[in-house]
Amino acid sequence: MSLRGHRSPRSPRGPRRGAERRPRFAIAVTAVFFALLYLPVGVVVLFSFNSQKSLTVFEDFSLRWYTAFLHDDLLLDSLGMSLRVSLAAMAGSLLLGVALALGLVRNRGRLGSLAGLIMLVPLITPEIVTGVAAMLLFKGAGITLSTTTVTLAEITFSISYVTVILRSRIAALNPEIEEAAMDLGATRGQALRLVTLPALLPGILASAVLVFALVFDDFVLAYFTTGVDPQPLSVRIYSAIRFGVQPTINAVGTLMLAGSIGLIVLALAIPRLFGRRGGLDLLSGK
115 MSLRGHRSPR SPRGPRRGAE RRPRFAIAVT AVFFALLYLP VGVVVLFSFN
165 SQKSLTVFED FSLRWYTAFL HDDLLLDSLG MSLRVSLAAM AGSLLLGVAL
215 ALGLVRNRGR LGSLAGLIML VPLITPEIVT GVAAMLLFKG AGITLSTTTV
265 TLAEITFSIS YVTVILRSRI AALNPEIEEA AMDLGATRGQ ALRLVTLPAL
315 LPGILASAVL VFALVFDDFV LAYFTTGVDP QPLSVRIYSA IRFGVQPTIN
365 AVGTLMLAGS IGLIVLALAI PRLFGRRGGL DLLSGK
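FYI, the numbering used here numbers position 186 of the sequence shown as 300, with every residue one higher than the one before it.
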């Protein structure tokens, strides 16, 4: 049989090679994006170790500005306030968020669906709107802005984060386990305390760490609801840089960055330590 005129089928390697080529333009755009996002942060970290006061020329490695921060009473007072507010907001948002998540999952009626939509509003509302609204509410009620108002505002804002994380976790629990505990003689409260809450412990811990990190770094809401003194650390830093950036601020920013990264990594890792799904899966509801 003659093979003249017969064309062998085109090798699929050609198109595959074209498809498997890396999208160079997309990689370049991604690299530029991360460079613009993280280079300023890298500069802050670098110059926090500068031995001189210059913010443009790096001379020698030194911990001079970290030592100056540890001897600055105003910054230390602001750090203490931020820690107190973060701990109080974490405890309050956990208490209310766990209760709200349980109610939203177990109430499958229209009221529960409406409450679930309302719960998502703080997550999509610009934070500056929330801050102005909280300030107007406190002033309209005749409440002087202070540490208490900052704490109340942060608790209200953080409840949604706790609810979103725990809602998917509660929905994945088998309700028959709690019912079996009540069949064995436990009250509803005991079943909740001894069965349901221990099963939710990884999600609760992850929510606590995440809320602490978010509240500690928050500026917008704290700025509109804080009093004159003491001020949260983020507001104190803003007040200081209006008169020029000091190397001490670079040191404070570096410490806040390191602490926030550590807390968020811990929040994502806690569920895996318990053999459960990771924090990213909890946040996405998978």
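Where a beta carbon is used, it is the ideal one built from N, C-alpha and C, also for glycine. These figures come from a predicted structure and were not determined experimentally.
What residue range is occupied by the uninterrupted alpha helix (DSSP H) comprising Ala205?
Under the DSSP assignment, Ala205 falls in the alpha helix (DSSP H) whose first and last residues are Asp187 to Arg220.
Would you mind sorting Leu328 into buried or exposed? The rule is 16 or more other CB atoms within 10 Å of its CB.
buried
Residues bridged to Asn288 (per DSSP)
Answer is none; Asn288 lacks a bridge partner.
Select from Arg307, Asn288, Ser348 and Ile375 the residue whose C-alpha is nearest the C-alpha of Val323.
Ile375
Confirm, please, whether the CB-CB distance from Asp191 to Pro344 is below 8 Å.
yes
At what residue ranges does the segment 333-363 contain a whole run of the alpha helix (DSSP H), taking only runs of 4 or more?
334-339 and 347-355
For Leu319, collect the residues of the same chain with a Cβ closer than 6 Å to its Cβ; drop the 5 residues on either side in sequence, then sort them by chain order.
Here the set comprises Ile384.
When DSSP builds the beta bridges, which residues end up paired with Phe175?
Partner(s): Asn164.
Please find out if some non-hydrogen atom of the ligand PLP comes closer than 7 Å to the beta-carbon of Lys167.
Absence of the ligand PLP is noted for the structure shown, with no ligands found whatsoever.
Taking one C-beta from the segment 265-272 and one from the segment 205-219 each time, how about it: are there three or more such pairs within less than 8 Å?
Touching, yes, given that three or more Cβ pairs across the two stretches are closer than 8 Å.
Spatial neighbours of Ser196 within its chain, please: C-beta separation below 6 Å, excluding the five flanking residues on both sides.
Phe330, Pro346 and Leu347
Is it buried or exposed, Gly206, if we count other Cβ atoms within 10 angstroms and call 16 or more buried?
Result: buried.
Distance between Asn288 and Leu218 (C-alpha atoms, nearest Å)
16 Å
Under 8 Å by Cβ, that's how I've got Leu169 and Val359 pegged, so tell me the actual separation to the nearest angstrom.
6 Å
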